[in-house]
Structures are given as C-alpha cells and as structure tokens.
Ligand code: FES
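Residue numbers (the working numbering): 6 to 569.
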C-alpha cells in the first residue's frame, strides 16, 4: 500500500524521520494529510525539502526587512526545484534582552540543532542578523550535520544627522558619552535617538553583527559577496534568491558543514578579524563554532593569525565609515583579494570551490580613498585584535587594540575593583578613581553572569567632564562590538575561579599590549591568602540559567556547553 511503500524516501524529502507512532506507514499517511491541508500535493512531497530557519521578531527590529528576504530565499529554492519550508528559530534582539543576549546564544544553538534534526529537511538556510542569532544558528547547524547556508539580514544604511554621517551603535555610545559629559543637551540627545538607526538592518558599523556576517562568509558558510549588502537593497534580496538556489546544489553535492570547514578556514577568519578591526565577540563565537565542527582551535592561534594584520577596512569603531561603504568597495571578496597573501587559499567555500578559485572573479585593486584601503595604507597603525596572557589572565584575554587609545596600550595603574554590574553602577561616581586608575569589573564571566557586554565601564562623570575620554578597563565580561576604548575583555579564568577574583583596590596592574601581557604585581602567596574573600558563583534565577552555568566552558573555549 502507498503509505507503507516509500523506502527510498526514508532518508530524504518530507517523509524522512517519521514521527514515532510505532507505525511508519501511519506516520507517512498522517503527515501527508496535514501537508494536503496546507496545499501541498504529491508533486511537492516528492521533492527535496529545504528548511528555512528565520528569526523574524518584533523584538529584533534590525530584522524588520527579513520577511522580504525570506520570500526571496523561498523563491530561489522553488526555482531550483525544491520545496521551501520556513520555521522560526529564537530571535535574539541585542538591546531587548535581559540580562544579555549571550545568555541565550547556546539555547538558540540547541533549539536550531534539534529543529534541523527533528524536522524533515534535506538542508537548511538560516536567516539571522543580530549579534547572537548568526553564531547560535550556525552552532546548531554544524552539530546537526545537514548542508547549511547562512543568509544575514544585512546592515542598515548610514544615517545623516545635521550633515554628519552617524550610525548605530558606535555613535550611540559616542553621543551618550558626550551627554554624560554635559556636552550634548537633553533636546539634542532626544533628536539623535531618532536618527541613529534610520532603516531596517543590523548595526551598520563593524560591530558584532557585521563582524559575524563577514566571518561567516570567510568560513564558507554563506555565499561570496553576501555579508555586506544593505538590508533594504535589491542586492540583499538577490543574495537571498541566490542562496535559495545554491542550497539545493549543496544537497546534490553532499556539502555538509564538516566538508566546508577546516582549520584553514578558521585561521582565515581570524586573519580577517584583524583586517576589519572586528568585534572581540567574534573570538568567542569562532571558538564555539570550531568546537562544534570538531576543529582544534585555540585562543592563542586566533591571536597569532590576527597579529600584525593591518586594519584595512575603514569602518567604525576602528575607522570612520560604514558597512554600505564597504559594500560599495566590493565587500568581502574585494577585502579577501586585498589580503590574499595572508590567507590559505585552499580553504573551501559554500560554492564548492576553494577560496582562491572564488577570488579569481574579483577584479582590480581597491580604489582609494574608499572603505577598503590598500594593505600599505592601513586605517590605523595599531593591530585590530590582540590576545593577552599574564598573571591576571593565565588562559588569556582579548583587547581590540585598533579601537584603543595608543598611549594607554602600555600602562600601569592602581586597581579599582567592582564586583558585578550593580556594584559598579552604585559606586562608579563615588569611588576613589584617578585618570590613571585601572578599572576592574568582575563577576561577569560565562558561569557567573553569562558575559554581559558591560566591560566598557563608563568613564566617571567627574573625569569625563574634566576631559578624560579613555581609561584602562579590565573585565571577565564582554563589550559590544560597536564600542571603543582601552578595554581588556574575556579575562580567563573568570573571577569566580581565576586570579581576577583575588585582586584588591590599590593593587598595581600592568597592561603591555606590544608584549601581549596583562599582569597584577602581587605575589602568589599574597593572592592565595585572599582566597577566602573571593566571590563564588552566584545562584541562578531560572532553570535554563542554572543548567547553563553548570555546563558552560570558559571564554577561551567559546563559552559553549560542554560536550560530550
Ligand atoms: Fe541588532 Fe545591532 S541591535 S545588530
């Protein structure tokens, strides 16, 4: 009988993975009945199924152009001869989540993996954009092991305010700092708030969303040229259509993530991270993605790959431009072409070619001035990203040197310590802080607090009003990719278990970025005597947060859930 005979369909199409009723024929029959109710007939159910996981949500305004993008991907899938079936994944809107979106990246990865595994699809296209959606979706897709492509929402187009180009959210921070320093009044800051995010799309500076879009294209999990097309543009819709067409070819080629990803692709991504002055958050996501792919990648290797790479992309916060400028300069393919001598061109791409083959189509050197600089004329003489180690961070820490104050990259100062964000908020304006103090915020690590983006501690108002624009700040948390300043992040181990938890006010702290060092000048014996004063891991308020706190790795392993 028809429902019992579909052995060839067991591993593909909409009848794969039967629901466990104890009767596979009934599973196929009832699945067919519900598909018929949705308007699908036998012609549809005999075709490959492409799942399209999207993250449309009113709580993610940067995804507001995604419905049109979803339609574009569906059109591409249908044109190629497969059936597109959309499904929602968690949507993690960066500025709407308490306490921090990072608390939920791993939850999204679990959800994405299980939905890709459990639902009958031959491959998946994932639509993400806001910071944690892209790594979370891809961590799940890598673990699920089906052919997968990411299609990002695309960046906003830069705003124009009183004749000045501005954008979210580097200028959000710059202007808020000006407001705190009483240089920008109430009426003006209210006006700015309506101008900073003028279109749909992700933040249009080289923040975490843009960085991850670039990184994912370099890894080979998105089609070439897809990272930078602005969200409201026809280019973005064409990326969607092309990705929809390409994913069916990937099914036919059996091009699963493990056949695309390699150590070389991750080291290329780390190199590019330096060249774009990218977000420090990408370091954690790269480590987590590599872990999911079973690729042995260390924080030191990421630091070595990005070391000495000139920042050639002129986007805020390391530079002055925006993502649409980079797109107009040729986007990621043009960037890769410019730094090709530093890349492993044998790495594979989503197109089934090597990176070198994909770059053969890129023509000409970058036209300068543009958002893409020639290697010989970098945006800054500072490196983009540096990994530090030392007595304060035995397993590592990260600083975005390209967005720091050059004079502070070698600095020694007395520590002023805050235990968590509440303590910092309540005492920041009254603590004994001098311009050369080193501000330390701890209790923000993966297991303690899920790594909130609180590492860019505000400059105390008194000092800001006196003209202090930057100080050395150190944390086991993260900072937004759109932020800037001399901020050391992801100190590992976190304070609940590492030496960061033993520092006291007045201890001498030494930051030496050229030497890759971060040290506290207190001997080990003295530190050991302070063990009783350490703040232990706090209790977690929800079931998920407790589960995660028990299973999460430290930042140097990507803050992913331990497995196996
Ligand atoms: Fe979503 Fe910036 S708030 S990318």
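Backbone N, C-alpha and C define an ideal beta-carbon position, used for all residues, glycine too.
- Per DSSP, the unbroken alpha helix (DSSP H) holding residue 48 starts and ends at 47 to 50.
- Environment of the ligand FES, chain-ordered: 65, 67, 98, 99, 100, 134, 135, 136, 173, 174, 207, 208, 212, 214, taking every residue with Cβ within less than 7 Å of a heavy atom.
- The Cβ neighbour count for residue 463, taken over all protein chains shown within 10 Å, is at least 16; the residue is labelled buried.
- Classified as buried, residue 111 has 16 or more neighbouring CB atoms from the shown chains inside 10 Å of its CB.
- Per DSSP, the unbroken beta strand (DSSP E) holding residue 400 starts and ends at 398 to 404.
- Distances from the alpha-carbon of residue 226 to those of 419, 131, 381, 469 put 131 closest.
- Remark: three or more beta-carbon pairs, one from each stretch, lie closer than 8 Å, so the segment 199 to 209 and the segment 165 to 174 are flagged as touching.
- In the three-state reduction of the DSSP assignment, residue 82 falls in the helix class, which pools H, G and I.
- Taking C-beta atoms under 8 Å as the contact rule, residue 508 and residue 438 fail to qualify, at a distance of about 15 Å.
- Around the beta carbon of residue 191, fewer than 16 other beta carbons sit within 10 angstroms, so the residue counts as exposed.
- Between the beta-carbon of residue 246 and that of residue 77 there is about 5 Å, and that keeps the pair under the 8 Å contact cut.
- Cβ contact annotation for residue 324 (same chain, cutoff 6 Å, sequence separation greater than five): 384, in chain order.
- Within 10 angstroms of the beta-carbon of residue 142 lie 16 or more other beta-carbons, which makes it buried.
- Residue 381 sits exposed, since fewer than 16 C-beta atoms from the chains shown fall within 10 Å of its C-beta.
- Residue 310 is positioned such that its CB atom lies closer than 8 Å to that of residue 276.
- Residue 548 counts as exposed, since fewer than 16 other beta carbons sit within 10 angstroms of its beta carbon.
- Within a 10 Å sphere around the beta-carbon of residue 159 sit 16 or more other beta-carbons, which makes this residue buried.
- Taking residue 396 as the centre and dropping the five residues before and after it, the same chain places the C-beta of 504, 524, 525 closer than 7 Å to its C-beta, in chain order.
- Counting along the chain, residue 166 sits inside the beta strand (DSSP E) bounded by residues 164 to 166.
- Straight across, the Cα-Cα distance linking residue 364 with residue 270 is about 15 Å.
- If you check the CB distance, residue 223 and residue 274 come in under 8 Å.
- Residue pairing from DSSP places residue 92 in a beta bridge opposite 58.
- The criterion of a C-beta distance shorter than 8 Å is satisfied by residue 403 and residue 494.
- In the DSSP assignment, residue 515 falls within the beta strand (DSSP E) that extends over 513 to 517.
- Contact between the segment 552 to 561 and the segment 97 to 105 is absent, with fewer than three C-beta pairs closer than 8 Å.
- The beta carbons of residue 481 and residue 499 sit closer together than 8 Å.
- DSSP places residue 320 in the strand class (E or B) of the three-state scheme.
- The beta-carbon separation of residue 114 and residue 145, rounded to 4 Å, stays under the 8 Å limit for a contact.
- Rounded to whole angstroms, the gap between the alpha carbons of residue 466 and residue 118 is 46 Å.
- Between residue 195 and residue 139, the C-beta spacing is not below 8 Å.
- Our two residues, residue 35 and residue 87, have alpha carbons roughly 22 Å apart in a direct line.
- In this structure residue 512 is buried. Its beta-carbon is surrounded by 16 or more other beta-carbon atoms within 10 angstroms.
- Taking a cut-off of 8 Å for Cβ pairs, the segment 283 to 296 and the segment 333 to 353 do not touch, as fewer than three such pairs fall below it.
- Considering only 250, 197, 184, the residue with the shortest C-alpha distance to residue 167 is 197.
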